[in-house]
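Undergrad:
Protein chains in written order, with our numbering: chain E, 1 to 260; chain S, 1 to 485.
#1: Compute the beta-carbon to beta-carbon distance between residue 297(S) and residue 127(S), rounded to the nearest angstrom, for a pair I have assumed lies under 8 Å.
#2: Given that residue 74(E) touches chain S, what residues does it touch there, using C-beta distances under 8 Å?
#3: May I ask you to report which of helix, strand or coil DSSP gives residue 15(S)?
#4: Any C-beta of chain S sitting closer than 9 Å to the C-beta of residue 183(E)?
#5: Does any C-beta atom of chain E lie closer than 9 Å to the C-beta of residue 247(S)?
#6: For residue 400(S), count neighbouring C-beta atoms within 10 Å of its own C-beta (all shown protein chains included) and say buried if the count is 16 or more, exposed if not.
#7: What first and last residue would you give for the alpha helix (DSSP H) that runs through residue 54(E)?
#8: By the criterion of Cβ-Cβ separation under 7 Å, what are the contact partners of residue 60(E) in chain S?
#9: In the DSSP assignment, find the beta strand (DSSP E) that holds residue 191(E) and state where it starts and stops.
#10: Report yes or no: is there a C-beta of chain S within less than 9 Å of the C-beta of residue 207(E)?
#11: DSSP beta-bridge partners for residue 224(S)?
#12: Taking just the CA atoms, how far does residue 124(E) sit from residue 213(E)?
#13: Between residue 251(S) and the rest of its own chain, which residues show a CB-CB distance below 7 Å, the 5 nearest in sequence each way excluded?
#14: According to DSSP, is residue 328(S) part of a helix, a strand, or is it coil?
#15: Using a Cβ-Cβ cut-off of 9 Å, state whether residue 213(S) counts as contacting chain E.
#16: So, at 7 Å on beta carbons, what are the nonlocal neighbours of residue 25(E) in its own chain, with the 5 sequence-adjacent residues on each side left out?
#17: Determine the extent of the alpha helix (DSSP H) in which residue 168(S) is found, giving its start and end residues.
#18: Return the first residue and the last residue of the alpha helix (DSSP H) that residue 82(S) is part of.
#19: Expressed to the nearest angstrom, what Euclidean distance is found between the alpha-carbon atoms of residue 233(S) and residue 110(S)?
#20: Cβ of residue 104(E) less than 9 Å from any chain S Cβ?
#21: Reducing DSSP to helix, strand and coil, say where residue 20(S) ends up.
#22: Just tell me which of 67(E), 55(E), 117(E), 146(E) has its CA closest to the CA of residue 178(E).
#23: Count the other CB atoms within 10 Å of the CB of residue 394(S); is the residue buried (16 or more) or exposed (fewer)?
#24: Which value, in whole angstroms, describes the spacing of the CA atoms of residue 163(S) and residue 213(S)?
#25: Is the Cβ of residue 241(E) closer than 9 Å to any Cβ of chain S?
#26: Using beta carbons (cut-off 9 Å, strictly below), is residue 284(S) in contact with chain E?
#27: Who does residue 253(S) pair with in a DSSP beta bridge?
#28: Residue 223(S) and residue 275(S) - do their beta-carbons sit closer together than 9 Å?
#29: CB residue 573(S) to CB residue 462(S), shorter than 9 Å?
#30: Looking only at its own chain, which residues have a Cβ that is under 7 Å from the Cβ of residue 40(E), when we skip the five neighbours before and after it?
#31: If you count every other CB in all the chains shown that lies within 10 Å of the CB of residue 119(E), and 16 or more means buried, which is it?
#32: Closest to residue 219(S) by CA distance: which of 285(S), 145(S), 209(S), 169(S) is it?
#33: Name the residue from 373(S), 412(S), 227(S), 105(S) whose alpha carbon lies nearest to the alpha carbon of residue 270(S).
#34: For residue 331(S), does the count of other Cβ atoms within 10 angstroms reach 16, so buried, or fall short, so exposed?
#35: Just the C-alpha distance for residue 444(S) and residue 48(S), rounded to the nearest angstrom, thanks.
#36: When the Cα atoms are used, what is the spatial distance from residue 32(E) to residue 231(E)?
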């Protein structure tokens, strides 16, 4: 009997291991893409609250991820006056900022992806979504439990630990991601970012809330970023509209469109 | 007593060749030691100079957390009072204030992360020699760039602004809706330009923005390092753009004009620093009249700890500031200088140990040679102590004469190095020590220590070296000595 178990157990582990990893990859991919789709366009507001100032932007964002390795994002600030017309354009590896007041386009180096975007608690990287979670991190399940979502429906929660792959160009030592699954639907609830893999407290926390229907798709409409070192401060992004999987002309992601 | 000196002096002259050879050996050793000391002191002075006269000064004042965190908002509250106080201290040669920021500078398609350093062009030259390192163009203007302060929008203007935002938002929504409806249709719909995008309204936006944050009258002038100029491909007169984050978290971009290019030899400055007028940087970063640093230059680096102490006493009255002398800010450089000096002393000791053995030999020979004579002297009543004294005086005279010529020769070498320097440029392209670039032409320096240490060390060693022959001569029994041929 013992001998038999000795043969069978490793087989069982081998069989379940890859299946579970694939499963986690699918879950993370779905959650990561929920506000992005293969392509999307949306209008949102961004509220920044810090100790020294409070500010609110209206922003339009165009995103096209159908070309792997050449993802395109264009962000334009619609108001208020001091920032109206400011733009951020990312095509593949290049990131450009446009300032209408100086009428100048700055090419941003890769090392600045981790810098704050427009004084918010989001980084350039967050905004242009340079990093793909499922591609740059290896995944392991921390916990899986049954619970209720915001709407009170019974769902299955997952807490997944993401550790960067050795060659991944990422700033985080560890990410803990929480999401729930209900039938076909996978939605994120929380992402905790740790600068060091061994750290006990997260350096920043992004929470997703207020699930709404955008077209035929359900997605959280509010994202709130908090940074541990800056207690009492936050940046809140609230989507007004998002359209998914629409055909965006390539001309939208040119320097001309950035300056327009 | 005078007799002993006369006798000793004459004894030295008895075997001239040997005396001269020994004296020359001692003198050459001495001159090399003095010259090496001068060389090392020169390098040390260059290091200290590069550290204090390019950037640091001798004493610096900061917000207590600034040196660790280097964030914009950690400014000194009452810099004016600190500056006034520092100017009154004895031994202070110059006092200046500085403002620091970080930004991304770009020119054409080139960009580089830079440290922005705001200096007062009138007082900065009393502390650092930046103005002497301009290789092209010119130094900063004394006068700040005219740059009006902004104001908040009136109720009316704010309504107008909100309206423009709403219109821009509607236009964006319409554009998205049109694309979604077309959904893969052959011709992508052309969006109707919103009112905010039309030329007239763009002017409105820029008018409103200029009320809140007016631009300067002309691009403020900056000076940049040679390496940065090469990276950005920017020449004197070029317009460069800098993006920074202001103290209230605004992302702010500004146009600047390159007025001059400097070369300090220190890579981190030459490739990573942009200097501009302190007031311009304060206005750009929205710091008001606050500064990050007060730096002062003393007439000598040695005064730094005392001056720092005197300023620290004062700090209590002006709410937490941190006063540090250069050696507290850069303890690594301080210990490197101490290490250089210690290794120099060790080298002197080794050279002179060899020289002292030569002296022992010479004196021993001199004593053996004069066995008969010394026996005679003792026989006619010279005491053992007097014989020992005689040998020691002989040695001392020898060392004094050798030291005189040795020091003279060494100082001559020092003077040559001071005047012409020794160019290591052929061996190396610029020398960097502890992150600071020093000139490849090493100039010697003459210090009291550099002369006294070799003289004293040689004197002490030779004194002990002469004890053995001296004691031997003193203990000789007169009859035995006189019998020897």
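Backbone N, C-alpha and C define an ideal beta-carbon position, used for all residues, glycine too. Bear in mind the structure is a predicted one, so any value in this text is a computation, not a measurement.
TA: In this structure, then:
#1: For this step, residue 297(S) is matched to residue 297 along the second chain. For this step, residue 127(S) is matched to residue 127 along the second chain. That belief holds up - the Cβ atoms of residue 297(S) and residue 127(S) are roughly 4 Å apart, short of 8 Å.
#2: Here residue 74(E) corresponds to residue number 74 of the first chain, with the count starting at 1. Ordered by position in chain S, no residue passes the 8 Å Cβ test against residue 74(E), which lies about 11 Å from the chain.
#3: As a working mapping, residue 15(S) is identified with position 15 in the second chain. Residue 15(S): coil per DSSP, three-state reduction.
#4: Looking up residue 183(E) in the first chain gives position 183. It does not: the Cβ of residue 183(E) has no partner Cβ on chain S nearer than 9 Å.
#5: Position 247 of the second chain, counted from the start, is the residue given in the question as residue 247(S). Yes, residue 247(S) lies at the interface with chain E (some Cβ there is under 9 Å from its Cβ).
#6: Numbered from 1 along the second chain, position 400 holds the residue referred to as residue 400(S). The residue is exposed, with fewer than 16 neighbouring Cβ atoms inside 10 Å.
#7: Counting from 1 along the first chain, the entry for residue 54(E) is found at position 54. Run containing residue 54(E): none in the alpha helix (DSSP H); it sits in the beta strand (DSSP E), 54-64.
#8: Taking the first chain and counting its residues from 1, the one referred to as residue 60(E) is at position 60. Simply 172.
#9: The residue given as residue 191(E) occupies position 191 in the first chain. First-last of the beta strand (DSSP E) with residue 191(E): 185-194.
#10: Position 207 of the first chain, counted from the first residue, corresponds to residue 207(E). Taking Cβ atoms only, chain S never reaches closer than 9 Å to residue 207(E), which makes this a no.
#11: One-based indexing of the second chain puts residue 224(S) at position 224. 261(S), 274(S), per the DSSP bridge assignment.
#12: Taking the first chain and counting its residues from 1, the one referred to as residue 213(E) is at position 213. Taking the first chain and counting its residues from 1, the one referred to as residue 124(E) is at position 124. Going by the C-alpha atoms only, they are around 27 Å apart.
#13: Here the question's residue 251(S) lines up with position 251 in the second chain. Hits under 7 Å: 243, 245.
#14: Within the second chain, numbered from 1, the residue matching residue 328(S) stands at position 328. Residue state, collapsed to three classes: helix.
#15: Mapped onto the second chain, residue 213(S) falls at position 213. Closer than 9 Å to some Cβ of chain E, the Cβ of residue 213(S) qualifies, so yes.
#16: Taking the first residue of the first chain as position 1, residue 25(E) is located at position 25. Correct list, in chain order: 134, 139.
#17: As a working note, residue 168(S) is residue 168 in the second chain. Secondary structure note for residue 168(S): its alpha helix (DSSP H) is the uninterrupted segment 155-182.
#18: Numbered from 1 along the second chain, position 82 holds the residue referred to as residue 82(S). Unbroken alpha helix (DSSP H) run through residue 82(S): 79-88.
#19: In the second chain, counting from the first residue as 1, residue 233(S) sits at position 233. In the second chain, counting from the first residue as 1, residue 110(S) sits at position 110. Whole-angstrom Cα-Cα distance: 8 Å.
#20: In the first chain, the residue the question calls residue 104(E) occupies position 104. Chain S, which has a Cβ nearer than 9 Å to the Cβ of residue 104(E), makes this yes.
#21: If you number the second chain from 1, residue 20(S) lands on position 20. Looking at residue 20(S) - three-state DSSP - the assignment turns out to be helix.
#22: Taking the first residue of the first chain as position 1, residue 178(E) is located at position 178. Out of 67(E), 55(E), 117(E), 146(E), 146(E) has the C-alpha closest to the C-alpha of residue 178(E).
#23: One-based indexing of the second chain puts residue 394(S) at position 394. Classification of residue 394(S): buried, given that the 10 Å Cβ count is 16 or more.
#24: Working through the second chain from its first residue, we reach residue 163(S) at position 163. Working through the second chain from its first residue, we reach residue 213(S) at position 213. The straight-line gap from Cα to Cα measures roughly 20 Å.
#25: Position 241 of the first chain holds residue 241(E). Output row for residue 241(E): interface = yes.
#26: Numbered from 1 along the second chain, position 284 holds the residue referred to as residue 284(S). Judged by the 9 Å Cβ criterion, residue 284(S) is not in contact with chain E.
#27: Position 253 of the second chain, counted from the first residue, corresponds to residue 253(S). In DSSP, residue 253(S) forms a bridge with 243(S).
#28: For the purposes of this step, residue 275(S) is taken as the residue at position 275 of the second chain. For the purposes of this step, residue 223(S) is taken as the residue at position 223 of the second chain. It is a contact, given that the beta carbons lie within the stated cut-off.
#29: Given that chain S is displayed from residue 1 to residue 485, the structure contains no residue 573(S) and the question cannot be resolved.
#30: To locate residue 40(E), count along the first chain from 1; it is residue 40. Only 63, 242, 243, 244 meet the Cβ criterion.
#31: Here residue 119(E) refers to the residue found at position 119 of the first chain. Buried, because 16 or more other Cβ atoms sit within 10 Å of the Cβ of residue 119(E).
#32: Within the second chain, residue 219(S) is the residue found at index 219, counting from 1. Of 285(S), 145(S), 209(S), 169(S), the residue nearest in Cα terms is 145(S).
#33: Here residue 270(S) is taken as the residue at index 270 of the second chain, counted from 1. Checked all of 373(S), 412(S), 227(S), 105(S); the closest Cα to residue 270(S) is 227(S).
#34: The sequence position of residue 331(S) within the second chain is 331, counting from 1. Label assigned to residue 331(S): exposed.
#35: In the second chain, the residue the question calls residue 444(S) occupies position 444. In the second chain, the residue the question calls residue 48(S) occupies position 48. One alpha carbon belongs to residue 444(S), the other to residue 48(S), and they sit about 14 Å apart.
#36: As a working note, residue 32(E) is residue 32 in the first chain. As a working note, residue 231(E) is residue 231 in the first chain. Computed Cα separation, rounded: 26 Å.
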